[in-house]
Each structure stands twice: as structure tokens, then as C-alpha cells.
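Structure record follows, encoded as C-alpha cells.
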Amino acid sequence: MSKQDTVNVGIGFATGRRSFRKVLKTNILSWRECGLTQNPKFNLNLFVAYDLKYANTKVTDYTGIPPHLLGDLDGTFFLGKTAQAREIRSLVRSGVLSPEEARLFFCAGYAGQRNTVLYWAMKQRMDYLLFLDDDEYPMAVTNTRNWAIWSGQHVLLSHLRQMMDTGADITHGHHCGYISPIPSIEFSSSLTKEDFRNFIEAISNDIINWQSLESLMRQGGVTYADTAILTGDEPQEVLSVNHCKFISGSNLCINLTDSARVHPFYNPPGARGEDTFLSTLLEDSKVLRIPCYTFHDGFSAYDHLMDGVLPIRLKPVCADLSFVTDRFCRACVGWVRYKPLLLYLTQRENYESRIEEMRRQLAATLPKLAAYLGREEFLSIADELERYHQNVELHARQFRQTIEIWRKLVSYLEAERKTQGFPSIGRGLPADDPLRSAL
């Protein structure tokens, strides 16, 4: 069977946790169970961009995959600092990128890791690339009978079916479990519901908002899967909000068959939001949300799910637990660091007034929140806002540069394909292509 008779599928992880191998094992067994690993029409390739400093890990925490699992994969690419440095030297020597451009695109952090995976997947001629997270599992949980009911989810299979049926540019699924880092708060005179609402509105965006979070807090911070979505077949088209089509960074599949419609990731240094800034580039893209869940284990408290232990009750997210408060604080800092750039890109005409409103809300609520949680670190959120506001034009330039760098890289990869006699990246799959029936 020739390369053109198969679909090349990339599965990407941007990771830094020891739990990666256990999550990978669970996913590979899921692909085996649904028949993907045995289907000769699909080549499954693993791309792992790993960061040893994130949790003080070593290379074998990622590369030490048992042979009986590797046998289900057609290719594996482990992308640490050595592999990155080697590729950067090649790109700079060839005149494709300047050293500064290479450092910006393949930078440390979430966007740099995802861009590394995206670039390697394109270089290895993948047709589709599914991003998975190392703290999400292929399963869903509902609470329709006041106890947890679990179901497996064929995540990769669901994305491939929708991609090949619809020709979408991007498909992304749903998430359940511990998605939000915001704990349940028992309001009092020292921190009222109105105080907390003002704080959330100050740091929130089009996805994170008070209305959704208030409902989530009533459920103890646990998001349960919607049974109507679980039993549904039809994807939903993602609509544009402030010129963005918002997606998630994992349970996310990117169609690589048309290089002109593939976009890079970016986040301001030290911030998150790499999926959000990709969302700002998708207004003209076909983006579908598909009926497929992953369980997000945001506090790393339920890895026994992958060993078959299914709890009938999920614990609430309580503010009196130090690790919960730590994660909440880190998330707030991450959100406030990228909100200035998001406002600058999507609401330029109201940018200054929105920043001033954030200042007022934070000044009124941060002292109360810090005192209530016993954490002075929350006071630094106002300083983070000012720092990222002062640098917003620099970050906007970096974002534009990242887009230009990606265009250079795509042109380079297209030229390499022609030299090697491969079809161009944009070959696509016609509606009558027999591969569409392979699933």
C-alpha cells in the first residue's frame, strides 16, 4: 500500500509530567479497542514535545514506552531541547529563519511546545494532528442519578470521522471533570458574592465568565458531561465571537491537508492562552465542536481512573485545600497576563476603558480575596495586569511575527516536499475519496 493510499495521523502531546506515559498507555489501548491500530488505512504517529524543567523529570519519563505499546504506532518523535536545537541550527543555516525568529517560534512554554509538535507533524507529512493533554483521559462522567456514571470515549476515532466527513479545518471536543481551577466559595461579609463576581469579571474572557462559573461552583467545581451531547451524532459549528472562534487546546484536531488554512500558536511570555490566540485566527475557518468528551483531571487526583477504579462520587473543589488555592492563584495570574493582548486584538476601540475597568475591579476585590484565602500572592495580580498592559504592543508584534514565521516555515516545507517528489501539503481528500469510508 503506497503512502497516498493511507491517512497519516499525528497525535501530539505538549507535556512535562511523569503521568504522560500512563495517559499514553490508556489512549493507545483505546485506539486498539476501537480498531484504529489494526486499520491499515491509517498510520498513527506520536509527537511528544517535553519539558524536563516543568516537574523535574528525565528523558526516559517520556521515551520509556513499553515495546508492546510502541508496536501499535507507525512512528514516534520525541522532541526535547536537543531535537529542537538541531532543527533550529538547520533552519538557520539554510536561511529559512533568523536565530531570533527561531527562538521566538520554538520558545519555551506552552505555545512553543505546541508549535514544535505542529511543525514536526507538517514536516513528517501528517494529514491530521490531534492534540491531547497529559491530564485528560478518554472517558466521560455524568451525574444524572446523583452518582457518577462513566463511559468510555473514542476520542481519536471521533475526530477522524468528523474530519473526513466534513472537511473541517478544526474539530474540538468537550471536557468534563475538573476543568475550572476556581474553588467553591462560602460567601460572607468579608467576601461577598458581589465581590467575587467583580473579581471574576475582571480576569475573565469570552469563555471564562461569571454566569458559567457560578453554575459550576454550585456543582462543587465539577463539570459533568451532558447526556444529550454524549448520545448525539451531529457536530456544532463554532460561531464567531468578537472575531474569534474559541477552541480548547486539547481534544483538538487540526486538518493539515491545506497548509494555507493551518495557523500557529502564541502566548505572551509567562502566560497561557495559546489556544485563545489561535482562536483569533479562525474567523474564516470551518471549526466544529464534536460530541466527544475527555475527563480533565486538573488536580491530578484521579489517575486511578486509568486503572479501572471508577468513583461513584467526585469530590468538591474546596478553597481550604492549599493545592487548590495554589492552582487557583496560578490560573488567575495566567488569565490576567493574557487578557490585555486578547482585548487589544479583539476590542481595540474599547481597550483603554476595559483596562481601566479591570484596575477598578481588582483594586476593590483583591485585598478581600487575599485576606479571605490567607494568600498575599493574590495582591500581585494587579501588578501583573500593569506589566502585561505596558507590554501589550510588544506582545502584539510578537504574535504577528509568529504568524509570519509560520508562513516561512510552511513555504520551506512545501519546497522540501517538491524536491523529494511528495504531493504538496494541500492535496486534501476529495469528497469521493475512498479513504473517507475507511472509518
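Per the numbering used here, residue 345 is the first one in the sequence shown, and the count goes up by one each step.
Cβ coordinates follow ideal geometry from the N, Cα and C atoms, glycine included.
Quick caveat, the model's predicted, so the values are computed rather than measured.
Taking Cβ positions, are residue 459 and residue 608 nearer each other than 8 Å?
-> Reading the sequence shown from its first residue, position 115 is the one you call residue 459. Reading the sequence shown from its first residue, position 264 is the one you call residue 608. Contact flag set, yes.
From the DSSP output, in three-state form, read off residue 711 for me.
-> Counted from its first residue, the sequence shown places residue 711 at position 367. Three-state result, residue 711: helix.
Alpha carbon to alpha carbon, how far is residue 564 from residue 511?
-> Your numbering for residue 564 matches position 220 in the sequence shown. Your numbering for residue 511 matches position 167 in the sequence shown. Using only the alpha carbons, I get a separation of about 38 Å.
What is the rounded straight-line gap between the Cα of residue 417 and the Cα of residue 752?
-> As a first step, residue 417 is located in the sequence shown; it is residue number 73 there, counting from the start. As a first step, residue 752 is located in the sequence shown; it is residue number 408 there, counting from the start. Going from the Cα of residue 417 to the Cα of residue 752 covers about 30 Å.
Please report the Cβ distance between residue 386 and residue 440, rounded to the nearest whole angstrom; I am assuming they are in contact, meaning their Cβ atoms lie under 8 Å.
-> As a working note, residue 386 is residue 42 in the sequence shown. As a working note, residue 440 is residue 96 in the sequence shown. In fact, because the Cβ distance is near 31 Å, the residues do not count as touching under 8 Å.
Do three or more CB pairs link the segment 479-489 to the segment 460-467 at distances below 8 Å?
-> no
Is the number of C-beta pairs between the segment 532-545 and the segment 407-426 that are closer than 8 Å three or more?
-> no
Proximal residues to residue 378 (C-beta, below 6 Å), its chain only, five neighbours per side dropped = The sequence position of residue 378 within the sequence shown is 34, counting from 1. Result list for residue 378: 498 and 501, in chain order.
Three or more C-beta pairs below 8 Å linking the segment 384-403 and the segment 420-432 = yes
Output yes or no for whether 8 Å exceeds the beta carbon distance between residue 669 and residue 675.
-> In the sequence shown, residue 669 corresponds to position 325, counting from 1. In the sequence shown, residue 675 corresponds to position 331, counting from 1. Result no, Cβ atoms of residue 669 and residue 675 do not sit closer than 8 Å.
In the structure shown, what three-state DSSP assignment does residue 772 receive?
-> The residue labelled residue 772 in the question sits at position 428 within the sequence shown. Note that residue 772 scores 48 on pLDDT, short of 50, meaning its location in the model is unreliable; the coordinates nonetheless yield the value given after this. Residue 772: coil per DSSP, three-state reduction.
Exposed or buried, which one is residue 671 when buried takes at least 16 other CB atoms within 10 Å?
-> As a working mapping, residue 671 is identified with position 327 in the sequence shown. By the 10 Å Cβ count, residue 671 comes out buried.
Specify, as a first and last residue, the run of the alpha helix (DSSP H) that residue 653 falls within.
-> Taking the first residue of the sequence shown as 1, we reach residue 653 at position 309. Here residue 653 belongs to no alpha helix (DSSP H), and DSSP marks it neither H nor E.
Taking residue 491 as part of the beta strand (DSSP E), name the residues at either end of that continuous run.
-> As a working note, residue 491 is residue 147 in the sequence shown. No beta strand (DSSP E) contains residue 491, which DSSP labels as neither H nor E.
Residue range of the beta strand (DSSP E) that residue 549 falls in?
-> Position 205 of the sequence shown, counted from the first residue, corresponds to residue 549. From DSSP, residue 549 is part of no beta strand (DSSP E); its letter is neither H nor E.
Helix, strand or coil: which one does DSSP assign to residue 499?
-> By one-based count along the sequence shown, residue 499 stands at place 155. Three-state result, residue 499: helix.
Same chain, Cβ closer than 6 Å to residue 685, five either side skipped, listed in chain order | One-based indexing of the sequence shown puts residue 685 at position 341. Closer than 6 Å at the Cβ level, and outside the excluded window around residue 685, lie 612, 736 and 739.
Skipping 5 residues on each side, what residues in its chain have a beta carbon closer than 7 Å to that of residue 360?
-> Your numbering for residue 360 matches position 16 in the sequence shown. Correct list, in chain order: 394, 395, 398, 399 and 401.
So who's on the other strand from residue 631, going by DSSP bridges?
-> Counted from its first residue, the sequence shown places residue 631 at position 287. Beta-bridge pairing links residue 631 to 514.
Neighbour-count burial assignment, residue 705, 16 or more Cβ in a 10 Å radius = One-based indexing of the sequence shown puts residue 705 at position 361. Its Cβ being crowded by 16 or more others within 10 Å, residue 705 is buried.
From residue 775 to residue 509, what distance separates their C-alpha atoms?
-> Looking up residue 775 in the sequence shown gives position 431. Looking up residue 509 in the sequence shown gives position 165. Low per-residue confidence applies at residue 775: pLDDT is 46, beneath 50, and the placement is therefore not dependable enough to give any value.
Considering only C-alpha positions, which residue in the set 750, 757, 516 and 756 is nearest to residue 450?
-> As a position in the sequence shown, residue 450 is number 106, starting the count at 1. When each option's Cα is compared against that of residue 450, the closest is 750.
What's the C-alpha gap between residue 657 and residue 492?
-> Translated into positions along the sequence shown, residue 657 becomes position 313. Translated into positions along the sequence shown, residue 492 becomes position 148. Near 6 Å, if we compare the C-alpha coordinates of residue 492 and residue 657.
With a CB to CB cut of under 7 Å and the five nearest residues on each side skipped, what residues in its chain are close to residue 618?
-> In the sequence shown, the residue the question calls residue 618 occupies position 274. Closer than 7 Å at the Cβ level, and outside the excluded window around residue 618, lie 454, 455, 458, 593, 609, 610 and 611.
Contacting residues, own chain, Cβ-Cβ under 8 Å from residue 507 (five flanking each side not counted) | Residue mapping note: residue 507 aligns to position 163 of the sequence shown, counting from 1. So the list reads 472, 515, 597 and 599, once near-sequence residues are dropped.
Would you report the Cα separation of residue 754 and residue 426, rounded to the nearest angstrom?
-> Translated into the one-based positions of the sequence shown, residue 754 becomes position 410. Translated into the one-based positions of the sequence shown, residue 426 becomes position 82. Rounded to the nearest angstrom, the two C-alpha atoms are 22 Å apart.
Between residue 325 and the rest of its own chain, which residues show a CB-CB distance below 7 Å, the 5 nearest in sequence each way excluded?
-> In the structure as shown, the chain starts at 345 and stops at 783, and residue 325 therefore has no counterpart that could be examined.
Taking contact to mean at least 3 C-beta pairs separated by less than 8 Å, is the segment 622-641 in contact with the segment 575-586?
-> yes
Counting only the same chain and skipping the five closest in sequence on each side, list residues whose C-beta sits under 8 Å from that of residue 483.
-> Here residue 483 refers to the residue found at position 139 when the sequence shown is read from its first residue. Result list for residue 483: 494, 495, 496, 497, 637, 638, 639 and 649, in chain order.
Rounded to whole angstroms, how far is the Cβ of residue 683 from the Cβ of residue 549, which I believe are closer than 8 Å?
-> Within the sequence shown, residue 683 is the residue found at index 339, counting from 1. Within the sequence shown, residue 549 is the residue found at index 205, counting from 1. The Cβ separation is near 6 Å, so the contact holds.
Residue 725 vs residue 661 beta-carbon contact at 8 Å | Reading the sequence shown from its first residue, position 381 is the one you call residue 725. Reading the sequence shown from its first residue, position 317 is the one you call residue 661. Against a cut-off of 8 Å, the Cβ pair of residue 661 and residue 725 comes out as no contact.
Taking the alpha-carbon positions, what's the residue 707 to residue 524 distance?
-> The sequence position of residue 707 within the sequence shown is 363, counting from 1. The sequence position of residue 524 within the sequence shown is 180, counting from 1. So the alpha carbons of these two residues sit roughly 24 Å apart.
Go ahead and label residue 428 buried or exposed: buried means 16 or more other beta carbons lie within 10 angstroms of its beta carbon, across all protein chains shown.
-> What you label residue 428 is simply residue 84 of the sequence shown in a count that begins at 1. Buried is the call here.
Closest to residue 654 by CA distance: which of 665, 485, 620 and 585 is it?
-> Walking along the sequence shown from the start, residue 654 turns up at place 310. With distances taken between Cα atoms, residue 654 lies closest to 485.
What are the start and end residues of the alpha helix (DSSP H) that includes residue 406?
-> The count along the sequence shown starts at 1 and reaches residue 406 at position 62. Looking at the DSSP string, the run of the alpha helix (DSSP H) that includes residue 406 is 404-407.
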